[in-house]
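Chemist:
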Amino acid sequence: MLFFIAILAAALYLVAGGLLLQGLVRGKTDALRRNLPLWLAAGGALLHAIVAWSAVWTDAGLNLGFFNAWAVVSLFMVAGMLVATSRLPVCHLGIILLPMAALGVLLACTADCGTPVPREPGVDAHIISSMLAYSTLGLGAIQAVILAVLDYRLRHRQMGGFVRQLPALHTMEKQLFGMLWLGFVLLTVGLVTGMVFVQDLFGQHLVHKTTLSVVAWVVFGTLLVGRWRMGWRGQTAVRWTLGGFVALALAYFGSKFVLELLLG
245 MLFFIAILAA ALYLVAGGLL LQGLVRGKTD ALRRNLPLWL AAGGALLHAI
295 VAWSAVWTDA GLNLGFFNAW AVVSLFMVAG MLVATSRLPV CHLGIILLPM
345 AALGVLLACT ADCGTPVPRE PGVDAHIISS MLAYSTLGLG AIQAVILAVL
395 DYRLRHRQMG GFVRQLPALH TMEKQLFGML WLGFVLLTVG LVTGMVFVQD
445 LFGQHLVHKT TLSVVAWVVF GTLLVGRWRM GWRGQTAVRW TLGGFVALAL
495 AYFGSKFVLE LLLG
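All residue numbers for the sequence shown refer to this note's numbering, where the first residue is 245 and numbers rise by one.
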């Protein structure tokens with residue numbers, strides 16, 4: 245039963261992503277066609293939540309192995325995008341995010357890896373804040389990729405196609421830094437709660453994750469200070485955002501991939 249729920253969630257995500265891409269390429273459409281992808285994505289997210297809950301929540305604790313973590317982070321990202329669309333023009337994130345979420349929900353249902361972590365309030369706070377940080381900064385990374393494409397097309401005066409349907413460059417930069425500020429705060433909370441509540445944070449099995457997370461924190465912090473004091477923007481903001489996110493992705497998913505899938 246869970247497998248069919250995952251398939252349906254993935255199908256809704258893919259259809260929604262295809263409709264969003266079609267809307268960007270073809271231009272303005274009526275309200276129904278604009279909102280339909282969001283409704284489909286919301287339906288996919290509800291089914292996604294059922295699959296993620298069933299995979300992660302076990303009698304022994306929280307199973308946040310590689311594939312389950314991917315499913316949870318992608319679910320948080322979709323939820324964040326859907327909430328943001330009520331106030332901000334961020335639907336374009338779905339053309340990259342929704343296919344990733346579709347793959348995530350399928351893998352959570354079909355793959356089995358990871359060791360459950362016993363539930364404790366402090367550790368739970370660390371896990372939740374960290375995964376919210378990964379999700380928010382992941383949205384920022386997708387925004388940075390689309391912003392880089394938009395900036396390139398504007399510089400080369402290639403204004404056709406989907407570029408005409410994207411928000412203005414200034415608006416997209418403002419959205420990017422809003423995501424980065426929120427993600428940076430959540431990442432800070434995740435690091436602090438990890439230092440307080442997680443035992444042996446710099447032990448052999450966690451040292452790479454901790455070190456790379458701190459590196460990502462420094463990168464994002466430097467970018468935000470650079471934006472505040474020196475007005476960093478454009479390609480500079482894109483490079484720092486993607487660099488920070490790569491460090492963060494390697495910290496969490498890279499370490500899990502090696503420990504759980506390669507070393508077993």
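For every residue, glycine included, the Cβ atom is placed at its ideal position computed from N, Cα and C.
Everything numeric in this text was worked out from a predicted model, so none of it was measured.
1. Enumerate, from N- to C-terminal direction, the unbroken alpha helix (DSSP H) stretches of 4 or more residues contained entirely within the stretch 349-416.
2. Are alanine 286 and leucine 319 closer than 8 Å when you measure CB to CB?
3. Secondary structure at glycine 261, three-state DSSP: helix, strand or coil?
4. Are there 16 or more other CB atoms within 10 angstroms of the CB of arginine 511, so buried, or fewer, so exposed?
5. Decide yes or no for the touch test of the stretch 433-446 against the stretch 383-392: beta carbon pairs closer than 8 Å, at least 3 of them.
6. Which residue comes first and which comes last in the alpha helix (DSSP H) that contains phenylalanine 464?
7. Whose CA, out of Leu420, Tyr378, Phe421 and Arg471, lies closest to the CA of alanine 495?
8. So leucine 398 and leucine 413 are in contact, right, with Cβ under 8 Å, and what is the actual spacing, rounded?
9. For the stretch 323-336 against the stretch 297-311, do three or more pairs of beta-carbon atoms, one drawn from each stretch, fall closer than 8 Å, so that the two count as touching?
10. Pull up the distance between the alpha-carbon of arginine 473 and that of glutamine 419, whole angstroms please.
11. Taking 8 Å as the cut-off, does the stretch 365-375 touch the stretch 481-489 (at least 3 CB pairs, one atom from each stretch)?
12. Which residues in the same chain have their Cβ closer than 6 Å to the Cβ of alanine 260, if we skip the five residues on either side of it in sequence?
13. Tell me which same chain residues have a C-beta within less than 7 Å of the C-beta of tryptophan 476, skipping the five on either side of it?
14. Closest by CA to arginine 408, which one among Leu268, Met245, Leu258 and Ile249?
15. For leucine 252, which residues of its own chain have a beta-carbon under 7 Å away from its beta-carbon, when the five flanking residues on both sides are left out?
16. Can you tell me which of the three DSSP states glycine 305 falls into?
17. Between which residues of its own chain and valine 317 is the CB-CB distance below 7 Å, once the five residues before and five after are set aside?
18. Considering only C-alpha positions, which residue in the set Leu347, Arg278, Val361 and Ile340 is nearest to glycine 309?
19. What number of angstroms, rounded off, separates the C-alpha of tryptophan 461 from the C-alpha of alanine 388?
20. Could you spell out where the alpha helix (DSSP H) holding glutamine 443 opens and where it closes?
21. Taking the C-alpha atoms as reference points, what is the distance between leucine 307 and alanine 328?
22. In angstroms with no decimal places, state the Cα-to-Cα distance between arginine 278 and aspartate 303.
23. Please report the distance separating the alpha-carbon of valine 458 from that of proline 411.
24. Out of Cys353, Val433 and Phe489, point me to the one whose CA is closest to glycine 366's CA.
25. Leaving out the 5 sequence neighbours to the left and right, which residues in its chain are closer than 6 Å to proline 333 when beta-carbon positions are compared?
Modeler: This is what the structure gives:
1. Correct list: 365-399.
2. It is not a contact, given that the beta carbons lie outside the stated cut-off.
3. It is helical.
4. What is shown of the chain runs 245 to 508, which leaves residue 511 out entirely.
5. By the criterion of at least three beta-carbon pairs nearer than 8 Å, the stretch 433-446 is not in contact with the stretch 383-392.
6. In this chain, the alpha helix (DSSP H) harbouring phenylalanine 464 covers 451-474.
7. Nearest C-alpha to alanine 495: Tyr378.
8. So it is a contact: roughly 6 Å between Cβ atoms.
9. The stretch 297-311 and the stretch 323-336 do not touch, with fewer than three beta-carbon pairs separated by less than 8 Å.
10. Going by the C-alpha atoms only, they are around 18 Å apart.
11. In short, these stretches do not touch, since the Cβ pair count stays below three.
12. The residues are Pro281, Leu284, Ala285 and Leu342.
13. These residues qualify, in order along the chain: Leu467 and Gly470.
14. Considering only alpha carbons, the answer is Leu268.
15. Same-chain partners within the cutoff: Leu291.
16. Strand at glycine 305.
17. Result list for valine 317: Met375, Tyr378, Ser379 and Gly382, in chain order.
18. For the residues Leu347, Arg278, Val361 and Ile340, the minimum Cα distance to glycine 309 belongs to Val361.
19. Counting only the Cα atoms, alanine 388 lies some 17 Å from tryptophan 461.
20. No alpha helix (DSSP H) holds glutamine 443; DSSP gives it neither H nor E.
21. In the sequence on display, residue 307 carries asparagine and not leucine. C-alpha separation (whole angstroms): 28 Å.
22. If I take the Cα positions, the gap works out to 42 Å.
23. Roughly 33 Å between the two C-alpha positions.
24. Nearest option by C-alpha distance: Val433.
25. Closer than 6 Å at Cβ, skipping near neighbours: Pro411.
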